[in-house]
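Count the sequence shown with the numbering used here and you get residues 137 to 398, in order.
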Amino acid sequence: MPAVPCYDSSMPRRYVPAYFPNKDDALAFVNGYDYWYQRIFLGHDVYTRPIGPALHERVWDRLKACFPADLHGASALDVGTNAGFFPIQLKNLGAGKIVGLEFEDRYLSQSSKIKEIYRLDDFEILNMDAHRLVELGSEFDITVFTGIFYHLKNPLQVIEDIGRLTRDAILIEGEVIPESILNGVRVRMGFPPKLMYQRSGLMKFVGGGRLNNDGSNWWVMDRECLEQMLRVAGFRFFSRPVFESSQACHGRHQEQGLNPGH
Ligand SMILES: C[S@@+](CC[C@H](N)C(=O)[O-])C[C@H]1O[C@@H](n2cnc3c(N)ncnc32)[C@H](O)[C@@H]1O
Numbered sequence: 137m138p139a140v141p142c143y144d145s146s147m148p149r150r151y152v153p154a155y156f157p158n159k160d161d162a163l164a165f166v167n168g169y170d171y172w173y174q175r176i177f178l179g180h181d182v183y184t185r186p187i188g189p190a191l192h193e194r195v196w197d198r199l200k201a202c203f204p205a206d207l208h209g210a211s212a213l214d215v216g217t218n219a220g221f222f223p224i225q226l227k228n229l230g231a232g233k234i235v236g237l238e239f240e241d242r243y244l245s246q247s248s249k250i251k252e253i254y255r256l257d258d259f260e261i262l263n264m265d266a267h268r269l270v271e272l273g274s275e276f277d278i279t280v281f282t283g284i285f286y287h288l289k290n291p292l293q294v295i296e297d298i299g300r301l302t303r304d305a306i307l308i309e310g311e312v313i314p315e316s317i318l319n320g321v322r323v324r325m326g327f328p329p330k331l332m333y334q335r336s337g338l339m340k341f342v343g344g345g346r347l348n349n350d351g352s353n354w355w356v357m358d359r360e361c362l363e364q365m366l367r368v369a370g371f372r373f374f375s376r377p378v379f380e381s382s383q384a385c386h387g388r389h390q391e392q393g394l395n396p397g398h
């Protein structure tokens with residue numbers, strides 16, 4: 137299958153893979169793992185997974201517009217760093233110290249190898265659960281928080297911890313409840329409290345494999361809920377969210393009475 141170029145291949149790169157002497161060695165490395173979540177270029181037209189662009193590449197395509205052309209050594213925390221796709225992108229923009237948190241052996245192994253392949257200096261990979269962030273004891277200019285908040289049992293605790301150790305901005309991507317007039321719960325609110333119908337600020341428990349048959353998913357929240365949590369954590373300015381969900385589009389079509397298949 138022909139390799140599909142990385143989304144950001146047009147950007148100037150400081151870090152490029154120059155590790156494998158030939159294509160066979162690169163392929164052997166890829167095939168040494170039974171699964172790759174992230175698609176990373178290894179040289180010789182070889183990627184860690186052949187099909188693309190993958191979700192994190194599309195996410196980066198959107199996120200990179202938020203960054204200055206040169207990060208001038210800004211530090212970054214990457215929560216759920218997986219194989220190290222985002223650290224490579226940040227390093228190519230001139231980031232300084234990067235800490236990647238990960239707790240799955242397979243991804244810890246992949247990210248350490250990718251660090252070696254790309255010669256990513258000042259990229260520290262920690263075998264650490266995001267719920268133990270307070271133990272880090274250091275601050276970062278930027279936090280990358282993609283594909284992770286639905287995996288957290290206690291998202292507010294983690295977001296508050298991130299708020300304490302992030303000096304500038306947090307970049308977030310994740311599954312959210314699509315906005316829809318069909319959503320809503322009746323809940324006691326206000327003072328004195330009375331039953332009110334709420335269409336947003338919602339969070340749904342999806343533990344026990346209710347989402348994607350994946351026991352590592354715990355919560356899905358809507359945009360409003362996430363923003364309120366970020367406010368609790370001290371974040372003050374929010375950019376307009378971008379949605380990329382067939383479900384969200386589907387919901388909107390239904391509300392407008394249009395054929396959802398269009
Ligand atoms: C869906 S993947 C997203 C990876 C990457 N952030 C991205 O957007 O491409 C979730 C990653 O977070 C890691 N992860 C999940 N829960 C975690 C936790 N509590 N602490 C640290 N890492 C976690 C998983 O092992 C996995 O690598």
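All C-beta atoms, glycine included, are put in the ideal place defined by N, C-alpha and C.
For K340, the uninterrupted beta strand (DSSP E) segment begins and ends at M339 to F341.
Just so you know, the alpha carbons of V280 and I176 end up roughly 17 Å apart. If you check the C-beta of D160 against ligand 1, you find no heavy atom less than 7 Å away. Judged by DSSP in its simplified three-state form, Y243 adopts helix. Residue burial annotation: V312 is buried, with at least 16 other C-beta atoms found within 10 angstroms of its C-beta. For A212, the three-state secondary structure derived from DSSP is strand.
R194 sits close to E380, with the two beta carbons spaced by under 8 Å. Note on Q225: 16 or more other CB atoms within 10 angstroms of its CB, so buried under the neighbour-count rule. It is roughly 14 Å from the alpha-carbon of V215 to the alpha-carbon of D277. With respect to A210, G179 sits apart: the two C-beta atoms are not nearer than 8 Å.
For R322, the enclosing beta strand (DSSP E) stretches over residues V321 to M325.
In the DSSP assignment, no residue is bridged to M365. The DSSP assignment places complete beta strand (DSSP E) segments of no fewer than 3 residues inside the segment 232 to 276 at 234 to 238 and 259 to 263, in order along the chain. Beta-carbon to beta-carbon, I306 and F371 are separated by about 6 Å, close enough to satisfy the 8 Å threshold.
Using a 10 angstroms sphere on the CB of L331, the tally of other CB atoms stays under 16, which defines it as exposed. Bridge partners of Y183 according to DSSP: F177. In terms of side-chain proximity, the C-beta atom of Y183 is found no nearer than 7 Å to any non-hydrogen atom of ligand 1. Within the DSSP secondary-structure output, I278 pairs in a beta bridge with A212 and A305.
I308 is the residue among W355, P189, I308 and D350 whose C-alpha sits nearest the C-alpha of L213. G220 and R324 have their C-alpha atoms spaced approximately 44 Å apart. One thing to note: L262 has its Cβ no nearer than 8 Å to the Cβ of V294.
Annotation for K227: the continuous alpha helix (DSSP H) segment containing it runs F221 to N228. Bounds of the alpha helix (DSSP H) holding L163 are K159 to N167. Remark: C-beta atoms of A369 and I298 approach each other more closely than 8 Å. It is roughly 18 Å from the alpha-carbon of G310 to the alpha-carbon of D265.
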